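See structure below.
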Amino acid sequence: MEWETVIGLEIHAQLATKSKIFSSASTAYGAEPNTQACAVDLGLPGVLPVVNTEVIHMAAKFGLATNSTVAKRSVFDRKNYFYPDLPKGYQISQLELPIVHDGKLDIELEDGTKKTIGITRAHLEEDAGKSLHEDFHGMTGIDLNRAGTPLLEIVSEPDIRSAKEAVAYMKKIHSLVQYLEICDGNMAEGSFRCDANVSVRPKGQEAFGTRAEIKNINSFRFVERAINHEVERQIDVIEGGGKVVQETRLYDADKDETRSMRSKEEANDYRYFPDPDLLPVIIDDAYIENARKALPELPDARRQRFINELGISDYDAGILTASRELANFYETVVSDTSDAKLAANWVIGDFSARLNKEDLAISQSPVSAETLAGMLKRIEDNTISGKIAKEVFDAMWKGEGDADSVIENKGLKQITDDSAIETMIDEIIANSPNQLEQYRAGKDKLFGYFVGQVMKVSQGKANPAQVNDILKKKLNG
Amino acid sequence: MYHTKTLAELSAMLEAGEVTSVELTQSFLDRIKQFDGELNSFVTVTEELALAQAKAADKARASGKAGPLTGIPIAHKDIFCTEGVKTSCGSKMLDNFISPYSATVVEKMRDAGVVMLGKTNMDEFAMGSSNETSFYGPVKNPWNTQAVPGGSSGGSAASVAARLAPASTGTDTGGSIRQPASLCGITGLKPTYGRISRYGMIAFASSLDQAGPMAQSAEDCALLLNAMAGFDSRDSTSMERDVDDYSASLNNSIEGLKIGLPKEYFSEGLDAGVAKQVDDAIAQYRAMGAEIIDISLPNTHLAVPVYYVVAPAECSSNLSRFDGVRFGYRCEDPKDLEDLYKRSRGEGFGAEVKRRIMVGAYALSAGYYDAYYLKSQKLRRLISEDFSKAFEQVDVIMGPTAPSTAFNIGEKTDDPVSMYLSDIYTIAVNLAGLPGMSVPAGFSNNMPVGLQIIGNYFEESRLLNVAHQYQQKTDWHKQIPEAFV
Chain G
0 MEWETVIGLE IHAQLATKSK IFSSASTAYG AEPNTQACAV DLGLPGVLPV VNTEVIHMAA
60 KFGLATNSTV AKRSVFDRKN YFYPDLPKGY QISQLELPIV HDGKLDIELE DGTKKTIGIT
120 RAHLEEDAGK SLHEDFHGMT GIDLNRAGTP LLEIVSEPDI RSAKEAVAYM KKIHSLVQYL
180 EICDGNMAEG SFRCDANVSV RPKGQEAFGT RAEIKNINSF RFVERAINHE VERQIDVIEG
240 GGKVVQETRL YDADKDETRS MRSKEEANDY RYFPDPDLLP VIIDDAYIEN ARKALPELPD
300 ARRQRFINEL GISDYDAGIL TASRELANFY ETVVSDTSDA KLAANWVIGD FSARLNKEDL
360 AISQSPVSAE TLAGMLKRIE DNTISGKIAK EVFDAMWKGE GDADSVIENK GLKQITDDSA
420 IETMIDEIIA NSPNQLEQYR AGKDKLFGYF VGQVMKVSQG KANPAQVNDI LKKKLNG
Chain A
0 MYHTKTLAEL SAMLEAGEVT SVELTQSFLD RIKQFDGELN SFVTVTEELA LAQAKAADKA
60 RASGKAGPLT GIPIAHKDIF CTEGVKTSCG SKMLDNFISP YSATVVEKMR DAGVVMLGKT
120 NMDEFAMGSS NETSFYGPVK NPWNTQAVPG GSSGGSAASV AARLAPASTG TDTGGSIRQP
180 ASLCGITGLK PTYGRISRYG MIAFASSLDQ AGPMAQSAED CALLLNAMAG FDSRDSTSME
240 RDVDDYSASL NNSIEGLKIG LPKEYFSEGL DAGVAKQVDD AIAQYRAMGA EIIDISLPNT
300 HLAVPVYYVV APAECSSNLS RFDGVRFGYR CEDPKDLEDL YKRSRGEGFG AEVKRRIMVG
360 AYALSAGYYD AYYLKSQKLR RLISEDFSKA FEQVDVIMGP TAPSTAFNIG EKTDDPVSMY
420 LSDIYTIAVN LAGLPGMSVP AGFSNNMPVG LQIIGNYFEE SRLLNVAHQY QQKTDWHKQI
480 PEAFV
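Taken in order, these protein sequences are the chains called G and A. The opening position of the first sequence corresponds to residue 0 in numbering that gives the first Met the number 0, with each subsequent residue numbered one higher. The opening position of the second sequence corresponds to residue 0 in numbering that gives the first Met the number 0, with each subsequent residue numbered one higher.
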């Protein structure tokens, strides 16, 4: 039987505020346990939450960027359950009236296919603390630094049909929240993570199959693997005559498998009700308009502008605008050079490859946009060839100075003097009578041999176009 | 002697230099030592702190930096967090809890120069109408030590009635200031919801809780409210609204005041002796030029059932933080997490608190939420609308504060519903968020009777004015129980 996969994602994006959602404690990551938890975060008797208005603004921006409705009235609810890292015994979240609802997002797959994914809702909530099971000899330590960190939970419609679509959607949201500067997108620190609701159904069937929820996936690679694994598992269960159970599962990246955490029967009754300590969040048209004005140029618009104004390909523009940092980097490079296509090739090619290889963020790159632009200018004015540029780039990466000083110090300036090139070529031809004979007898491939010889003698510095021209003339005698 | 003076009189004496705060504070500490062994109105007496604060107050006064409350000793209900001082909320759960911070009310009082004598006994987590649910044992009514003082602010009411403190703070979720004020013969005010910050006041039912002053007279309540009221950025439900000078309008004439008498407050269940005193008080107002108008609050009968869904629902969630993990009572040798929760909460909470947590959790649970919690919220609006309509017609509403005078200790402990009905006239005011007062209006069988005065939103000034004018014509509020004279 042919199966269809149905996926909905719940993405948790940690909002990039300085202080927590309901207290003035810092949200900075990595501090000593419990040093960033104030009386409110500890849930001491008598304390009260006060909403950090920055989170409302951030959620509104997200809503506008995803063509969602930004609710003029939203309400914080209490989700009640006991857990040691949940200090109040309830999490403040939004159930009935979330701040953002009914939006959509266009995604694009690697093969260029486009698709629209519905966004059911995005609501504000506080994160819990962390339970630390190591180092406590059979006891559990509690770190409440993370308690009260603001989260935007973004819930998609079950519109996603494959693990690849899920990754594309997650990447698009990841890029968007960074564009909006509402989330740092740091997946290693847990600032951006997701739960995946996965089910399968026979192709053509309308009703959804029973779903399993895979919790807390914190990388794009794991999303793809976890979903693929889960789909296979569900199909195996059904084809083996069994039934999929509605349950929460955990993805184990080490074993590449999902396993059951708890089934629906054991699920908590969270006894949601509106938090009486917080007033409903009321915003008006003017507020929404202000948020709209605060929106940066969004990825899709920027991509279109790159195509129209800079004349680069749709494909290149797509890659360059996938992250705001990369797009900004590229725009800085382009503003200093005249060949946008050349700049795109370098940013997408050698520059990105080097970052990837060394696992660096753009902000950590040893070569700045200005430095890269300086080198591209030397390609454009024929001071160096594209091939030599790779050597220059490598030197710049190693901190040996900017393009001009590398070229100067290493003597990499291109030879563009026709007579100098001619002299070299004459000598090479004179030393290669056999090759010359074969070439003239019709073995065109040997043209490459001569080019190679010139480059070898000139240490790669001879201008390739001139070498071609002069060689052709001489060889064809 | 100082204890026979009102807070306003003591303020004048301090200002005139007739007494120092240290002398005053010491005299009340001495009275607490003398009488509280029997009354049990205090959980903690902060003698050293009080004397230090008194010294500082005297110093401030000497340097010309004194307000009307500088150097006045009072007691705080043990529901207010007080930095460095045990804050028990009347519960075994918090018997070991030394608060690391102070409530806004406590800070504001301290900033006004008020001296804290100690923390008063109360029903556990403010859940009770008799002070019998306290982990620290029942408080006695100074008028008859066999009787309850009312609750939940029973310790505050008894301490003022016995003049162990010139005044106290209280909190009122369903009548917890007004009912004990009535039963102990003192003056108590529950302001409009949002008038006083709830920050640092241990939550029972967040949408109903409100702090207020408990004192000998309306004039004293006004002085205290001046210091307590105001917006607090740490409490989202506190109102960003100017605070009146509550003392300024005390002497306004009440000629032509329109007083509404809801027929539902004078029906079946009201003790005849209480009814007579309330009638006499109304007659007094008529004599003072007020117009008496019969009104109806048709949804009054819904108040108690609605309250006993809303308040437990909120408390079931508010009290979840008492889990034995970070502070408060923790059971011995928990074998695992579930055992830690079950035994810490099972052993740390008393029966009434557990009853309300269970009722509340039930009302919020899946499948029952709409029928109970949501329905109650709808009915709550109807109750509020009753009052809004009434205030189109009248300036204030009057009636009894409680259906009877103080009952005996142990009399109602086995019958929660009968206990709940002792708040039948006060609860609707909390559900609507209105300000309400209880003013001494005489005695029935030698036990005090309270007159309840309910005002429109933020009309505390008018309530205090109306009460003060009555107290200019009567001396019920000046009566001190014989054993404590």
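Yeah, the Cβ is synthetic: ideal placement off N, Cα and C, and Gly gets one too. These numbers were taken from a predicted model, which means no experiment stands behind them.
**Prompt:** Where does L182(A) land, buried or exposed, given buried means 16+ other C-beta within 10 angstroms?
**Reply:** On the second sequence, position 183 is the one that residue 182(A) refers to. So L182(A) counts as buried.
**Request:** Select from M0(A), R60(A), E123(A) and D35(A) the residue whose C-alpha is nearest the C-alpha of G349(A).
**Result:** To locate residue 349(A), count along the second sequence from 1; it is residue 350. The shortest C-alpha separation from G349(A) is found at E123(A).
**Asked** How about I408(A) and S20(A): are their beta carbons less than 9 Å apart?
**Response** Counting from 1 along the second sequence, the entry for residue 408(A) is found at position 409. Counting from 1 along the second sequence, the entry for residue 20(A) is found at position 21. In this structure, S20(A) does not lie closer than 9 Å to I408(A) by Cβ.
**Closer than 7 Å at the beta carbon, the chain A residues around P86(G)** = If you number the first sequence from 1, residue 86(G) lands on position 87. Result: R320 and R325.
**Nearest candidate by alpha-carbon position, reference I116(G), set L278(G), V5(G) and F221(G)** = Position 117 of the first sequence, counting from 1, holds the residue named residue 116(G). When only C-alpha atoms are compared, the closest one is V5(G).
**Prompt:** Do you know how far the Cα of M186(G) is from the Cα of V49(G)?
**Reply:** Position 50 of the first sequence, counted from the start, is the residue given in the question as residue 49(G). Position 187 of the first sequence, counted from the start, is the residue given in the question as residue 186(G). Approximately 28 Å between the Cα atoms of the pair.
**Asked** For S337(G), is the classification buried or exposed, using 16 other Cβ atoms within 10 angstroms of its Cβ as the cut-off for buried?
**Response** Reading the first sequence from its first residue, position 338 is the one you call residue 337(G). Exposed.
**Request:** Return yes when the Cβ of L433(A) is within less than 9 Å of the Cβ of F386(A), no when it is not.
**Result:** Walking along the second sequence from the start, residue 386(A) turns up at place 387. Walking along the second sequence from the start, residue 433(A) turns up at place 434. For F386(A) and L433(A), yes; Cβs fall inside 9 Å.
**Asked** Does G86(A) have its Cβ less than 9 Å from a Cβ in chain G?
**Response** As a position in the second sequence, residue 86(A) is number 87, starting the count at 1. Correcting the residue type first, residue 86(A) is Thr in the shown sequence and not Gly. Using a Cβ-Cβ cut-off of 9 Å, T86(A) counts as an interface residue toward chain G, since at least one Cβ of chain G sits closer than that to its own.
**Message:** Just to confirm the assignment, what range does the alpha helix (DSSP H) spanning K455(G) have?
**Reply:** Position 456 of the first sequence, counted from the first residue, corresponds to residue 455(G). Per DSSP, K455(G) belongs to the alpha helix (DSSP H) from L445 to V456.
**Item:** E212(G) versus I226(G): straight-line alpha-carbon distance, rounded
**Value:** What you label residue 212(G) is simply residue 213 of the first sequence in a count that begins at 1. What you label residue 226(G) is simply residue 227 of the first sequence in a count that begins at 1. Answer to the nearest angstrom: the Cα atoms are 10 Å apart.
**Message:** Which residues of the stretch 171-202 of chain A have a Cβ closer than 9 Å to any Cβ of chain G? Give them in chain order.
**Reply:** S196, R197, Y198, G199, M200, I201 and A202
**Message:** For the beta strand (DSSP E) containing V438(A), name the first residue and the last one.
**Reply:** As a position in the second sequence, residue 438(A) is number 439, starting the count at 1. V438(A) -> beta strand (DSSP E) spans G435 to S443.
**beta strand (DSSP E) runs wholly inside the stretch 270-297 of chain A, at least 3 long, in chain order** = 290-294
**Asked** Residues bridged to I423(A) by DSSP?
**Response** As a working note, residue 423(A) is residue 424 in the second sequence. For I423(A), which the question treats as bridged, DSSP gives no partner whatsoever.
**Item:** Endpoints, alpha helix (DSSP H) assigned at L41(G)
**Value:** By one-based count along the first sequence, residue 41(G) stands at place 42. Here the alpha helix (DSSP H) through L41(G) covers A38 to L41.
**Prompt:** Around the C-beta of H136(G), are 16 or more other C-beta atoms found within 10 angstroms, so that it is buried, or is it exposed?
**Reply:** Mapped onto the first sequence, residue 136(G) falls at position 137. With fewer than 16 Cβ atoms within 10 Å of its Cβ, H136(G) is classed as exposed.
**Asked** Thinking C-beta only, is A161(A) closer than 9 Å to A405(A)?
**Response** As a working note, residue 405(A) is residue 406 in the second sequence. As a working note, residue 161(A) is residue 162 in the second sequence. Going by C-beta atoms, A405(A) is not nearer than 9 Å to A161(A).
**Request:** Tell me, please, whether the CB atom of F457(A) is closer than 9 Å to any CB atom in chain G?
**Result:** Working through the second sequence from its first residue, we reach residue 457(A) at position 458. Output row for F457(A): interface = no.
**Which of helix, strand or coil DSSP assigns to Y371(A)** = As a first step, residue 371(A) must be located in the second sequence, where it is residue number 372. Correct three-state label for Y371(A): helix.
**Request:** Check N327(G) in the structure and name its three-state DSSP category.
**Result:** Taking the first residue of the first sequence as 1, we reach residue 327(G) at position 328. Helix, per DSSP.
**Message:** Looking at chain G, is there any beta carbon in it that lies within less than 9 Å of the beta carbon of Y419(A)?
**Reply:** Sequence index remark: in the second sequence, residue 419(A) carries index 420 (1-based). Answer no: the Cβ-Cβ gap between Y419(A) and chain G never drops below 9 Å.
**Message:** Using a Cβ distance threshold of 8 Å, determine whether the stretch 106-113 of chain A contacts the stretch 66-73 of chain A, with at least three qualifying pairs required.
**Reply:** yes
**Prompt:** Hey, would you say A157(A) sits closer than 9 Å to L163(A), going by beta carbons?
**Reply:** For the purposes of this step, residue 157(A) is taken as residue 158 along the second sequence, with counting starting at 1. For the purposes of this step, residue 163(A) is taken as residue 164 along the second sequence, with counting starting at 1. Contact flag set, yes.
**Asked** chain G partners of Y372(A), CB-CB under 7 Å?
**Response** Here residue 372(A) refers to the residue found at position 373 of the second sequence. Residues of chain G passing the Cβ test: F272.
**Asked** Under 9 Å between C-beta atoms, does S205(A) make it to chain G?
**Response** Within the second sequence, the letter at position 206 stands for residue 205(A). At least one beta carbon of chain G lies nearer than 9 Å to the beta carbon of S205(A).
**Message:** Helix, strand or coil for Y250(G)? Go by DSSP, reduced to three states.
**Reply:** Your numbering for residue 250(G) matches position 251 in the first sequence. Of the three classes helix, strand and coil, the one that applies to Y250(G) here is strand, per DSSP.
**Request:** Give a yes or no on whether the C-beta atoms belonging to Y328(A) and N95(A) are separated by under 9 Å.
**Result:** Residue numbering aside, residue 328(A) sits at position 329 when the second sequence is read from its first letter. Residue numbering aside, residue 95(A) sits at position 96 when the second sequence is read from its first letter. In this structure, Y328(A) places its C-beta atom within 9 Å of the C-beta atom of N95(A).
**Prompt:** What's the gap between the Cα of W396(G) and the Cα of S351(G)?
**Reply:** Taking the first sequence and counting its residues from 1, one reaches residue 396(G) at position 397. Taking the first sequence and counting its residues from 1, one reaches residue 351(G) at position 352. Their backbone Cα atoms lie some 12 Å apart in a straight line.
**Asked** Taking 9 Å as the CB-CB limit, is C80(A) close to chain G?
**Response** By one-based count along the second sequence, residue 80(A) stands at place 81. It does: the Cβ of C80(A) has a partner Cβ on chain G nearer than 9 Å.
**CB contact flag (K189(A), G153(A), <9 Å)** = Numbered from 1 along the second sequence, position 190 holds the residue referred to as residue 189(A). Numbered from 1 along the second sequence, position 154 holds the residue referred to as residue 153(A). No, the pair does not count as a contact, with Cβ atoms beyond the cut-off.
**Message:** Can you check whether the C-beta of G42(G) is within less than 9 Å of a C-beta belonging to chain A?
**Reply:** Start at 1 with the first residue of the first sequence, and residue 42(G) comes out as number 43. Yes, G42(G) counts as interfacial toward chain A.
**Message:** Contact criterion: CB-CB distance below 9 Å. Does I20(G) meet it with respect to chain A?
**Reply:** By 1-based counting over the first sequence, the position of residue 20(G) is 21. False, the Cβ-Cβ gap to chain A never drops below 9 Å.
**Request:** Mind checking the stretch 98-110 of chain A against chain G and listing, in chain order, the residues whose C-beta falls within less than 9 Å of any C-beta there?
**Result:** So the list reads S98, P99, Y100 and A102, given in the order they occur along the chain.
**Prompt:** A121(G) bridges to which residues according to DSSP?
**Reply:** Taking the first residue of the first sequence as position 1, residue 121(G) is located at position 122. Answer is V99(G) and I153(G), bridged to A121(G).
**Request:** Whole angstroms is fine: what's the gap from Q204(G)'s alpha carbon to A427(A)'s?
**Result:** Numbered from its first residue, the first sequence carries residue 204(G) at position 205. Numbered from its first residue, the second sequence carries residue 427(A) at position 428. Using only the alpha carbons, I get a separation of about 55 Å.
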